[in-house]
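Note sheet for the following structure.
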Amino acid sequence: AAPGWGVRGSAGGGGDGGRGGGGACGSGLPPEEWRGADVLEDEPLDQDEEREMRLENAAIRAELEQQVELARRAEASMLEVSSLSHMFASKIEQQSNQVETLFTDAESTSENLT
């Protein structure tokens, strides 16, 4: 539970650490439906609750680390695509210059033959 408030046995706890779905997001306040008799102030966790909290924290950390790794891979891929795109544009520009030179040479040759 967040500092200053804890909830035991409340409905809607689900897989979100007992925080429910509502509340003032990021405000440190419990959801409105928890502000009442079922809120216990600063009650310590028993061993089972602490173990469950640690397991949940480990699972959340693993998920976060996986998401960070996926983001890093995506970033690396985007950098590679950007680099390849720049190289492609550079090669196209070189080929365009070569085609222009060939066209100019072909016109000169045509004028010299006539």
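Remember, this note's numbering sits 40 above the position in the sequence shown when you count from 1.
In this text, a Cβ means the ideal position worked out from N, Cα and C, and glycines have one as well.
In this text the structure is predicted, and so the values were computed from the model without any measurement.
Separation of residue j from residue i, as counted between CA atoms
i           : j           : result
residue 134 : residue 140 : 10 angstroms
residue 94  : residue 88  : 10 angstroms
residue 121 : residue 111 : 15 angstroms
residue 147 : residue 138 : 14 angstroms
residue 128 : residue 116 : 18 angstroms
residue 145 : residue 114 : 46 angstroms
Simplified DSSP state of residue i, which is helix, strand or coil
i           : result
residue 69  : coil
residue 85  : coil
residue 154 : coil
Neighbourhood of residue i by C-beta, 8 angstroms cutoff - its chain only, sequence neighbours within 5 removed
i          : result
residue 97 : none
Check: residue i C-beta below 7 angstroms from any heavy atom of the ligand COA
i           : result
residue 102 : No copy of the ligand COA occurs in the structure displayed, which carries no ligand at all.
Report task. Identify every run of the beta strand (DSSP E) within the region 88-139, keeping only runs that are complete inside it and at least 3 residues long; order them along the chain. Result -> With a minimum length of 3 residues, no continuous beta strand (DSSP E) run stays inside the region 88-139.
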